[in-house]
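Trainee: One structure, as structure tokens, below. Some questions next.
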Amino acid sequence: MSSGDKGDKVKDLQARLKQLDWYEPKIDGVYGAKTVSAVKGFQGKREIPVTGEVDQRTLDRLTAMTRKPTTDELNNVVAKPKPSSMNLDDRCLQGRVVCISKKQRKLALVVDGTIQMSMDVRFGSELTPTRNGVFSVGWKSRNHVSKLYGSKMPYALFFSGGQAVHYSSDFAARGYNGSSHGCVNVRNKEKVAALFDAVSVGDKVVVYTG
């Protein structure tokens, strides 16, 4: 595939690039300048010759790192939020709290015991675990990049040293097959962006096992 191409294959390409946070516009099936730029970025990051065209090597690498796009993704349909059945820790029931359950793999913004929004999350590995406890949001960084690992951490809400809630393109692509270095990863960019805007520095954060 290359500039000027159109059709379902280009839609699939754009959707997969979007999963990895390389392509931002709506999926339209047109291989234009923004698609070329996204492909070049992906190729450069993976040390593939940067041409802006999708050869077999580029396609194989992209396919291996992503999942098959859903019909909704291919047609720019945003899923309606489902009611949450998250079990809240008692420490989450008063005031404004970012409530995070490891067992349920869920994060919820809770105000006076009522869930305002919720999202799927994943955590650190056994070697770099996410700390349990009661914390508060120390600072926010919308376009953060890790100084330690060089990875993008958009919409970062730091609550315990270098540990933060943030969007993860790796979580979006690989799901629970991967893990973080201790941060709380969110795979839905729209939801974590909304959380970032809703949360203030000083808001309580509760991380618990149950």
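All letters in the sequence shown, in the order written, are residues 1 to 210 by UniProt numbering.
Backbone N, C-alpha and C fix where the C-beta goes; we use that ideal spot for every residue, glycine too.
1) VAL78 by DSSP, collapsed to three states: which one?
2) Return the chain-ordered ranges of every beta strand (DSSP E) run that is complete within the region 39–103 and spans a minimum of 3 residues.
3) Quick check on THR66: buried or exposed, where buried means 16 or more other Cβ atoms within 10 Å of its Cβ?
4) With 16 as the cutoff for other CB atoms within 10 Å, does SER125 come out buried or exposed?
5) Would the region 25–33 and the region 5–12 be scored as touching if the rule is three or more Cβ pairs under 8 Å?
6) In the DSSP assignment, what are the bridge partners of GLY133?
7) Can the beta-carbon of VAL192 be found less than 8 Å from the beta-carbon of TYR167?
8) From the DSSP output, which residues share a beta bridge with LEU107?
9) Should ASP60 go down as buried or exposed, given a rule of 16 or more other Cβ atoms within 10 Å for buried?
10) For the beta strand (DSSP E) containing VAL186, list its first residue and its last residue.
11) Return helix, strand or coil for GLY124, following the three-state DSSP convention.
12) Going by beta-carbon coordinates alone, are SER136 and LYS204 separated by less than 8 Å?
13) Under the rule that 16 or more other beta-carbon atoms within 10 Å means buried, what is ALA177, buried or exposed?
14) Buried or exposed for ASN132, please, with buried defined as at least 16 other CB atoms from any protein chain shown within 10 angstroms of its CB.
Mentor: So, from the data block:
1) coil
2) 96–101
3) Under this definition THR66 is a buried residue.
4) exposed
5) yes
6) VAL207
7) Less than 8 Å separates the beta-carbon of VAL192 from that of TYR167.
8) ILE100, MET119
9) exposed
10) 184–186
11) strand
12) Taking 8 Å as the Cβ cut-off, SER136 and LYS204 qualify as a contacting pair.
13) The question names Ala, yet the displayed sequence has Asn at residue 177. ASN177 is exposed by the Cβ-count criterion.
14) exposed
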